[in-house]
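Take a look at the structure below.
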Amino acid sequence: MLAPPTPEEWTAVILSLQVSAMATLGALPFGFFLAWALARWRFPGKTLLSAIVTLPLVIPPVVVGYGLLVLFGRNGFFGETLAAIGMRLPFSWGGAALAAAIMGLPLMVRAIRLSLEAISPELEEAAASLGAPPFRRLLTITLPLAAPGFITGALLAFARALGEFGATITFAGNVPGQTQTVPIAIYTLLQSPGGEIAVARLAVLSLIVALAALLASEWLARRLAPRRGEPAS
Amino acid sequence: MTDPILSARLHHDLPGLPLDVTLNSTTGRLALFGPSGAGKTTVLKLIAGLIRARRGELSVNGEAWDNPEGRKRLPAHKRRAAIVFQDNRLFPHMSVQKNLNYGHAADGARSLDDIIAFCGIEALLERSVHTLSGGERKRVAIARALAASPNLLLLDEPYAGLDRASTTQLRHDLRRLLDEMEIPHVFVSHHIEDVLVHASEVTLINEGRDVGSGSPQEVFASDAGQRLIGEADETVAAGPMSILRATHIKSSSIEGLEAWELENGRHLLLGARGARRGHCYMRIRGADVSLSLTYPEDTSVLNVLPAEVASLEPAGGFVDVRLDLGSGLFLTARITSYSATKLRLTPGQSLHAMIKSAALTG
Numbered sequence: 036m037l038a039p040p041t042p043e044e045w046t047a048v049i050l051s052l053q054v055s056a057m058a059t060l061g062a063l064p065f066g067f068f069l070a071w072a073l074a075r076w077r078f079p080g081k082t083l084l085s086a087i088v089t090l091p092l093v094i095p096p097v098v099v100g101y102g103l104l105v106l107f108g109r110n111g112f113f114g115e116t117l118a119a120i121g122m123r124l125p126f127s128w129g130g131a132a133l134a135a136a137i138m139g140l141p142l143m144v145r146a147i148r149l150s151l152e153a154i155s156p157e158l159e160e161a162a163a164s165l166g167a168p169p170f171r172r173l174l175t176i177t178l179p180l181a182a183p184g185f186i187t188g189a190l191l192a193f194a195r196a197l198g199e200f201g202a203t204i205t206f207a208g209n210v211p212g213q214t215q216t217v218p219i220a221i222y223t224l225l226q227s228p229g230g231e232i233a234v235a236r237l238a239v240l241s242l243i244v245a246l247a248a249l250l251a252s253e254w255l256a257r258r259l260a261p262r263r264g265e266p267a268s
Numbered sequence: 008m009t010d011p012i013l014s015a016r017l018h019h020d021l022p023g024l025p026l027d028v029t030l031n032s033t034t035g036r037l038a039l040f041g042p043s044g045a046g047k048t049t050v051l052k053l054i055a056g057l058i059r060a061r062r063g064e065l066s067v068n069g070e071a072w073d074n075p076e077g078r079k080r081l082p083a084h085k086r087r088a089a090i091v092f093q094d095n096r097l098f099p100h101m102s103v104q105k106n107l108n109y110g111h112a113a114d115g116a117r118s119l120d121d122i123i124a125f126c127g128i129e130a131l132l133e134r135s136v137h138t139l140s141g142g143e144r145k146r147v148a149i150a151r152a153l154a155a156s157p158n159l160l161l162l163d164e165p166y167a168g169l170d171r172a173s174t175t176q177l178r179h180d181l182r183r184l185l186d187e188m189e190i191p192h193v194f195v196s197h198h199i200e201d202v203l204v205h206a207s208e209v210t211l212i213n214e215g216r217d218v219g220s221g222s223p224q225e226v227f228a229s230d231a232g233q234r235l236i237g238e239a240d241e242t243v244a245a246g247p248m249s250i251l252r253a254t255h256i257k258s259s260s261i262e263g264l265e266a267w268e269l270e271n272g273r274h275l276l277l278g279a280r281g282a283r284r285g286h287c288y289m290r291i292r293g294a295d296v297s298l299s300l301t302y303p304e305d306t307s308v309l310n311v312l313p314a315e316v317a318s319l320e321p322a323g324g325f326v327d328v329r330l331d332l333g334s335g336l337f338l339t340a341r342i343t344s345y346s347a348t349k350l351r352l353t354p355g356q357s358l359h360a361m362i363k364s365a366a367l368t369g
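Chains as they are written, first to last, in our numbering: chain A, 36 to 268; chain B, 8 to 369.
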């Protein structure tokens, strides 16, 4: 039998949930905008943008972390600007969230884009011909119909953030209570003698969290599913 | 001259189908007739502002929607040109009632309850749109468009995909509805019957151009009209067809028949169906008209019209005889070349045209 988790272990779990939630919420507006642009607009460089958005999925996470360091480090392009207003991302809680958000973005954009592409713009045309201005069409037609895509996208990004390791440890480091999320805590414990029991506890905890998230999304998706698509007459 | 309800010159470059169409309507009961793929639906979308015209001019009820320079352009939602789409486009995540509420204008001439009753959809309000039949969906789509209290109603093949019984019923209901609500409308179809029921004016559309316009009678008597009927409407048998406007007079003294008066004052007898009053457009197929040089005394044919041969047009083994009925009315008969030779038909000749009552459809 495993002993209950220690306060340090709880800290890692709660930090993981906080960082992942923050990463997901922060990524949503960008994810929606990118998905909208890729699904609805025609512009030069669209394929390139699509490839860039997908990049974090295919390059080593450590490279993403390194890239973030270059951009947001003390001498980085954004780093200097942020430092001027007293913000520092590397080796901070915010940095861990940023790294997780970047890593989750491709999955989020993909899911939302697919759901936007599945909504025929014809329904928005119908709404326009009934007198609905663009913003009302977005709120009443497009967003409700794309809701399952948002949920799937958000969940995938959240799950990806929970498991994030390479980019986070490179960019945000391994600061307990600050940037030491569950995967990083497990890695650290594995390095130290006698940490096996704690590793097992953390592994079980992350399993439970992941399973709960999946079940919640299945339930939501099933609730929303019958509302989509008009069957052929 | 009456001010036009709709006046449009629309130009658009579609890939593979350049479009250049001029439309005018003074009655607000305009039909666009032409074969599939002629650009009729695109014209509706241009009017509704869902597609931006490359060049063009469009005004409805005296209000400019598109100006010639293409700079000032009223956005679709401000035009309130409600479209009843061929595929309905009901909002799948809303109930029937919510679909109706979506564009409902509280300042409309009719209350929503009235429109629901008019369209006969009281029983459907709480249903999800997924559970509706094709005919029910179409009724909801029509009610939704009417509820928006549109400046202009655009109907895109509203009977497409419906079975014959639903089509007949819905056509009857829609005609009554549009008459009572007096909403100006543009009706797109490739079925001549739809056009004759709904329109007072027709514009023929073929390959992205308007190729004729006027009253159904004039338009369908023209060469372009005759050709397009054959091309567009697969339900019409091959051969020439004449369209004559007729006004219902009364049930005739002969049981089971009703009398209709043509614009030249002559009467036609038609099997009574009791459904229609007022006026209608009769379709007479060339093959249902026969000719006699003398007044036929002993015949089962009830409708005999005096006529004069206007022209003769060979058509395969047949001859299409264009007959002048007086008062600007024309009727085309298709007879065999053998008969034409036997009767020695020449332009200017007087004769009698016979039409079987059973062949008349109004």
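Backbone N, C-alpha and C define an ideal beta-carbon position, used for all residues, glycine too.
Quick one: is Met122(A) buried, meaning 16 or more other Cβ sit within 10 Å of its Cβ, or exposed?
exposed
Given that a residue counts as buried once 16 or more other Cβ atoms are within 10 Å of its Cβ, and exposed if not, what is Gly335(B)?
exposed
Between the Cα of Leu73(A) and those of Ala38(A), Ser227(A), Val105(A), Arg148(A), spot the shortest distance and give me the residue it belongs to.
Arg148(A)
Using a Cβ-Cβ cutoff of 7 Å, what residues of the segment 164 to 187 of chain A are near chain B? List them in chain order.
Ser164, Leu165, Gly166, Ala167, Pro168, Ile176, Pro179, Leu180
Could you tell me whether the segment 166 to 179 of chain B touches the segment 141 to 148 of chain B, using the rule of 3 or more Cβ pairs below 8 Å?
Segments in contact, yes.
Using CA atoms only, rank isn't needed, just tell me which of Gly168(B), His137(B), Thr138(B), Leu184(B) is closest to Ala152(B).
Leu184(B)
Taking CB distances under 8 Å as the criterion, tell me whether Ala153(A) reaches chain B.
no
Measuring alpha carbon to alpha carbon, tell me which residue in Ile54(B), Glu238(B), Met361(B), Lys47(B) is nearest Ser307(B).
Met361(B)
State yes or no: is the beta carbon of Ala62(A) nearer than 8 Å to at least one beta carbon in chain B?
no
With DSSP as the reference, identify every bridge partner of Ala1(B), one or two as the case may be.
The question about residue 1(B) has no answer here: the residues shown for chain B are numbered 8 through 369.
Where Thr138(B) falls, given that 16 or more other Cβ within 10 Å makes a residue buried
By the 10 Å Cβ count, Thr138(B) comes out exposed.
How would you write the range of the beta strand (DSSP E) that Phe194(B) sits in, first residue to last?
192 to 196
So what does DSSP say about His100(B), is it helix, strand or coil?
coil
By the three-class DSSP mapping on this structure, what secondary structure does Trp72(B) have?
strand
Along the chain, where does the alpha helix (DSSP H) containing Ile123(B) start, and where does it finish?
Per DSSP, the continuous alpha helix (DSSP H) segment holding Ile123(B) begins and ends at 119 to 126.
Does the CB of Tyr109(B) have a neighbour CB from chain A at under 8 Å?
yes
Which residue marks the beginning of the alpha helix (DSSP H) containing Pro169(A), and which one marks its end?
169 to 172
Any 3 or more C-beta pairs closer than 8 Å across the segment 64 to 79 of chain A and the segment 138 to 156 of chain A:
yes
Unbroken stretches of the alpha helix (DSSP H), 4 residues or longer, contained in the segment 220 to 256 of chain B
223 to 228, 230 to 239
What do you reckon, are the CB atoms on Ala196(A) and Gly139(A) nearer than 8 Å?
Cβ distance < 8 Å, so Ala196(A) and Gly139(A) count as in contact.
Give me, in chain order, the residues of the same chain whose beta-carbon lies closer than 6 Å to that of Ala202(A); leave out the 5 immediate sequence neighbours on both sides.
Pro96, Val99, Gly100, Ala134, Met138
What are the complete alpha helix (DSSP H) segments, minimum 4 residues, inside the segment 22 to 69 of chain B?
Counting only runs of 4 or more, we get 47 to 55.
Compare the C-beta of Ala256(A) with all C-beta atoms of chain B and state if any pair is closer than 8 Å.
no
Count the C-beta pairs between the segment 14 to 31 of chain B and the segment 39 to 55 of chain B that are closer than 8 Å, then say yes if the count reaches three, no if not.
yes
So the alpha helix (DSSP H) Ala163(A) belongs to, where does it begin and stop?
From DSSP, the alpha helix (DSSP H) with Ala163(A) extends over 156 to 164.
Pro98(B) versus chain A: which residues are under 7 Å apart at the beta carbon?
Contrary to the premise, residue 98(B) reads as Phe rather than Pro in this sequence. Ordered by position in chain A, the residues that pass the 7 Å Cβ test against Phe98(B) are Leu158, Ile176.
Residue environment, Leu17(B), which counts as buried when at least 16 other CB atoms sit within 10 Å
buried
Determine, for Ala161(A), whether the minimum Cβ-Cβ distance to residues of chain B falls below 8 Å.
yes
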